[in-house]
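Novice:
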Amino acid sequence: MGATRTGRAAAWAVPMLAEAGALIRSAAMAWAIGPDELGRAMVLALTLRLAEMISDIGIERLLAQSAKGDAPGFLNALHGAALIRGLAMALMLLALAVPMALALPGGAHAGGYAALAAIPLVRGFLHLEYRRAERDFSYRAMALVEGGAVLAMLASLPVVLAIRADHSAIIAVLAVQAVAQVALSHLVARQRYALAFDRDVLREVFVFGLPLVGNALLMFLTFQADRLIVAGFFGWTEVAIYGVALQLAMLPAQITGRAAASLLAPRLRRAMAAGALPMAMQGAMRAHLLLALAFAAGFAALAPLVIGLVYGAAFRPETALALAFGVAAGLRILRTPLSQCAVITGRTGDPARANLLRAAALVPAVLVAAWGLPLHALALAAVCGEGAATLRAHHLLRHSLAPFSSECLT
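In the working numbering, the protein residues as written are 225 to 634.
Given below as structure tokens:
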């Protein structure tokens, strides 16, 4: 039994709301604090994202697909793992505070970076039962928790900006979102929250998540590190221009990836059990190819105008930058089914192997920035990296699905 039409709509609506909330937040902050301060705020958010991505051990994904996922003791043990992860993230952010402040003079002070540590610490107490419901294609609880947290963040935004109209506002609104997410996760839960620290489950989480951590680090390098290069070689205004365009360009890729984890992955698991995985992947690849082509063309044509209207003329990117980002995002959308297929077939290291090539594109990106070339030249390095990573993911999947690979991907 698959997802209902309502369930599919919720699985798409929640990530779309999350990304729309992030866009509304950045647009509101752009008008309230200006390009320089928004650039500093983006680097603060980027630092938090670094800690989140390199500590992502796949707890929610393990809960959704493990045979033990319905056992109360397993859920409690995953709560323990989530708390450990939150503590580790908090310590990581505290350790990064001074180095980040020294590496990027003129940006946030060390205290601002250190304040970010409270956010993952709060999220460590998340009640995970709402994610377990995805096993049965039920997304109502996820919509209430994730969507409600986004709405709480947006509601707090005008109040926070009225009190603190500078880059530090990002810390407060992200903290509101984290508190709301945790509170709502406990309100919708039917099972009492409990913590357990089971050595066997922690080992299972570690084995399952270690390849994902490596891939998440590479994902940070591919999705986010470009902005650190811009911060190091350009000005804070350029960080904001580049960051806004990149955020908008990667929006469909992020929505597609999150929706695929809820919708495509369960479908592929069932197809694999029925011996029909190649056919399911064939349809998924065709659908994502159409999405990729439509977005690349649409973003190149519309992004400069839309960004100028929504964020202000100071944030309008050049057409060449918009085109490069559109193509890069399209290639990432195309790679989504390949990554999901790798995870459900147990080859969780394959996405990291593919993303190695995307991360390698940071080398020419640094050279481009050091030579003083314009922002769109740096984005072209990202396009080359995304293309190489997509080809690599295609090759790895053909190997893992042999002898059905030609049917799966052609």
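The C-beta atom is built at its ideal place from N, Cα and C for all residues, glycine as well. Computed from a predicted model, the values in this text were never measured in an experiment.
Classify Leu328 as helix, strand or coil using the three-state DSSP reduction.
Specialist: By 1-based counting over the sequence shown, the position of residue 328 is 104. Of the three classes helix, strand and coil, the one that applies to Leu328 here is coil, per DSSP.
Novice: Could you check what DSSP says for Glu631 in three-state terms: helix, strand or coil?
Specialist: Along the sequence shown, one-based indexing puts residue 631 at 407. Any reading at Glu631 needs caution, since the residue's pLDDT is 41, under 50, leaving its predicted position unreliable; the model's value is listed next. The answer is helix: DSSP assigns Glu631 an H, G or I state.
Novice: Would DSSP call Asp260 helix, strand or coil?
Specialist: Working through the sequence shown from its first residue, we reach residue 260 at position 36. Of the three classes helix, strand and coil, the one that applies to Asp260 here is helix, per DSSP.
Novice: Between Pro296, Met324, Ala334 and Ala242, which has its C-alpha nearest Ala376's C-alpha?
Specialist: By one-based count along the sequence shown, residue 376 stands at place 152. Out of Pro296, Met324, Ala334 and Ala242, Ala242 has the C-alpha closest to the C-alpha of Ala376.
Novice: Buried or exposed: where does Ala430 fall if 16 or more other Cβ atoms within 10 Å of its Cβ makes it buried?
Specialist: Here residue 430 corresponds to residue number 206 of the sequence shown, with the count starting at 1. Here residue 430 turns out to be Phe, not Ala, going by the sequence shown. Exposed is the call here.
Novice: Does the count of Cβ pairs from the region 583-596 and the region 607-623 closer than 8 Å reach three?
Specialist: Contact holds: three or more Cβ-Cβ distances are below 8 Å.
Novice: Give me, in chain order, the residues of the same chain whose beta-carbon lies closer than 7 Å to that of Gly282; leave out the 5 immediate sequence neighbours on both sides.
Specialist: To locate residue 282, count along the sequence shown from 1; it is residue 58. Once the five neighbours on either side are set aside, the close Cβ partners of Gly282 are Phe432, Gly433 and Leu436.
Novice: Is DSSP giving Leu619 helix, strand or coil here?
Specialist: Residue mapping note: residue 619 aligns to position 395 of the sequence shown, counting from 1. The identity of residue 619 in the sequence shown is His, whereas the question assumes Leu. Three-state DSSP puts His619 in a helix.
Novice: Taking the CB atoms as reference points, tell me whether Val412 and Ala365 lie closer together than 8 Å.
Specialist: What you label residue 412 is simply residue 188 of the sequence shown in a count that begins at 1. What you label residue 365 is simply residue 141 of the sequence shown in a count that begins at 1. Yes. Within cutoff.
Novice: Please classify Pro561 as buried or exposed, where buried requires at least 16 other C-beta atoms within 10 Å of its C-beta.
Specialist: As a first step, residue 561 is located in the sequence shown; it is residue number 337 there, counting from the start. A buried status is given to Pro561, since no fewer than 16 other beta-carbon atoms sit within 10 Å of its beta-carbon.
Novice: With distances taken between CB atoms, is the gap from Leu470 to Phe549 smaller than 8 Å?
Specialist: For this step, residue 470 is matched to residue 246 along the sequence shown. For this step, residue 549 is matched to residue 325 along the sequence shown. In this structure, Phe549 lies closer than 8 Å to Leu470 by Cβ.
Novice: Just mark Ala291 as buried or exposed, buried being the case when its beta carbon has 16 or more other beta carbons within 10 Å.
Specialist: One-based indexing of the sequence shown puts residue 291 at position 67. Answer is exposed; the Cβ neighbour count stays below 16.
Novice: To the nearest angstrom, how far is the alpha carbon of Ala603 from that of Met324?
Specialist: Walking along the sequence shown from the start, residue 603 turns up at place 379. Walking along the sequence shown from the start, residue 324 turns up at place 100. When rounded, the distance between both Cα atoms is 24 Å.
Novice: Trp460: buried (16+ other C-beta within 10 angstroms of its C-beta) or exposed?
Specialist: Within the sequence shown, numbered from 1, the residue matching residue 460 stands at position 236. Under this definition Trp460 is a buried residue.
Novice: Within 10 Å of its beta-carbon, does Pro344 have 16 or more other beta-carbons around it, so buried, or fewer, so exposed?
Specialist: Stepping through the sequence shown from its first residue, residue 344 is reached at position 120. By the 10 Å Cβ count, Pro344 comes out buried.
Novice: Determine whether the beta carbon atoms of Ile395 and Ala339 lie at a separation below 8 Å.
Specialist: Translated into the one-based positions of the sequence shown, residue 395 becomes position 171. Translated into the one-based positions of the sequence shown, residue 339 becomes position 115. The answer is yes: Cβ separation under 8 Å.
Novice: Residues in the same chain with beta-carbon distance under 8 Å from Phe444, minus the five sequence neighbours each way, listed in chain order, please.
Specialist: Sequence index remark: in the sequence shown, residue 444 carries index 220 (1-based). These residues qualify, in order along the chain: Arg273, Leu274, Met277 and Ile278.
Novice: On the criterion of 16 or more Cβ atoms from any shown chain inside 10 Å, does Ala321 qualify as buried, or is it exposed?
Specialist: By one-based count along the sequence shown, residue 321 stands at place 97. By the neighbour-count rule (16 or more Cβ atoms within 10 Å), Ala321 is buried.
Novice: With a threshold of 8 Å, are at least 3 pairs of Cβ atoms found where one atom belongs to the region 324-334 and the other to the region 291-308?
Specialist: Touching, no.
Novice: Along the alpha helix (DSSP H) that carries His333, what are the first and last residues, could you check?
Specialist: For the purposes of this step, residue 333 is identified with residue 109 of the sequence shown, where counting begins at 1. Annotation: His333 is outside any alpha helix (DSSP H) and is labelled neither H nor E by DSSP.
Novice: Would Val383 be called buried (16 or more neighbouring beta carbons within 10 Å of its own) or exposed?
Specialist: What you label residue 383 is simply residue 159 of the sequence shown in a count that begins at 1. Exposed is the call here.
Novice: What does the Cβ neighbour count give for Pro502, buried or exposed, with the cut at 16 atoms within 10 Å?
Specialist: Indexing the sequence shown from 1 puts residue 502 at position 278. Per the 10 Å Cβ criterion, buried.
Novice: Here's the rule I'm using: 16 or more other beta-carbon atoms within 10 Å means buried, otherwise exposed. How should Gly371 be labelled?
Specialist: Here residue 371 is taken as the residue at index 147 of the sequence shown, counted from 1. Buried, since its Cβ has 16 or more Cβ neighbours within 10 Å.
Novice: Run through DSSP, which three-state label would Asp424 get?
Specialist: Taking the sequence shown and counting its residues from 1, the one referred to as residue 424 is at position 200. Helix, per DSSP.
Novice: Looking at the structure shown, is Leu307 part of a helix, part of a strand, or coil, going by DSSP?
Specialist: Counting from 1 along the sequence shown, the entry for residue 307 is found at position 83. Looking at Leu307 - three-state DSSP - the assignment turns out to be helix.
Novice: Going along the chain, which residues of its own chain have a beta-carbon closer than 6 Å to the beta-carbon of Leu398, five neighbours each way excluded?
Specialist: For the purposes of this step, residue 398 is taken as the residue at position 174 of the sequence shown. If we look at Leu398 and ignore the five residues flanking it on each side, its Cβ neighbours are Ile343.
Novice: Could you check which residue in Ala617, Gln506, Thr271 and Leu452 has the C-alpha nearest to that of Met316?
Specialist: For this step, residue 316 is matched to residue 92 along the sequence shown. Minimum Cα distance to Met316 is reached at Thr271.
Novice: How close, in whole Å, do the beta carbons of Ala464 and Gly263 come, if the pair is a contact with beta carbons under 8 Å?
Specialist: Position 240 of the sequence shown holds residue 464. Position 39 of the sequence shown holds residue 263. With a Cβ gap of about 4 Å, Ala464 and Gly263 count as contacting.
Novice: Spatial neighbours of Val403 within its chain, please: CB distance less than 7 Å, with the 5 preceding and 5 following residues excluded, ordered by chain position.
Specialist: Sequence index remark: in the sequence shown, residue 403 carries index 179 (1-based). If we look at Val403 and ignore the five residues flanking it on each side, its Cβ neighbours are Val346.
Novice: How many angstroms separate the CA atom of Arg309 from the CA atom of Pro490?
Specialist: In the sequence shown, the residue the question calls residue 309 occupies position 85. In the sequence shown, the residue the question calls residue 490 occupies position 266. Cα to Cα, the separation comes out at about 26 Å.
Novice: Per DSSP, what kind of secondary structure is His600 in: helix, strand or coil?
Specialist: Translated into the one-based positions of the sequence shown, residue 600 becomes position 376. Note: His600 maps to helix in three-state DSSP.
Novice: Report the option in Pro575, Tyr363 and Asp390 whose CA atom is closest to the CA atom of Ala237.
Specialist: Your numbering for residue 237 matches position 13 in the sequence shown. Of the candidates Pro575, Tyr363 and Asp390, the one whose C-alpha sits nearest the C-alpha of Ala237 is Tyr363.
Novice: Take the Cβ of Leu296 as the centre, count every other Cβ of all protein chains shown within 10 Å, and call the residue buried at 16 or more, exposed below.
Specialist: Counted from its first residue, the sequence shown places residue 296 at position 72. Reading off the sequence shown, one finds Pro at residue 296, where the question assumed Leu. Burial call: exposed.
Novice: Any idea what DSSP makes of Leu517, helix, strand or coil?
Specialist: Taking the sequence shown and counting its residues from 1, the one referred to as residue 517 is at position 293. In this structure, Leu517 counts as helix in the three-state DSSP scheme.
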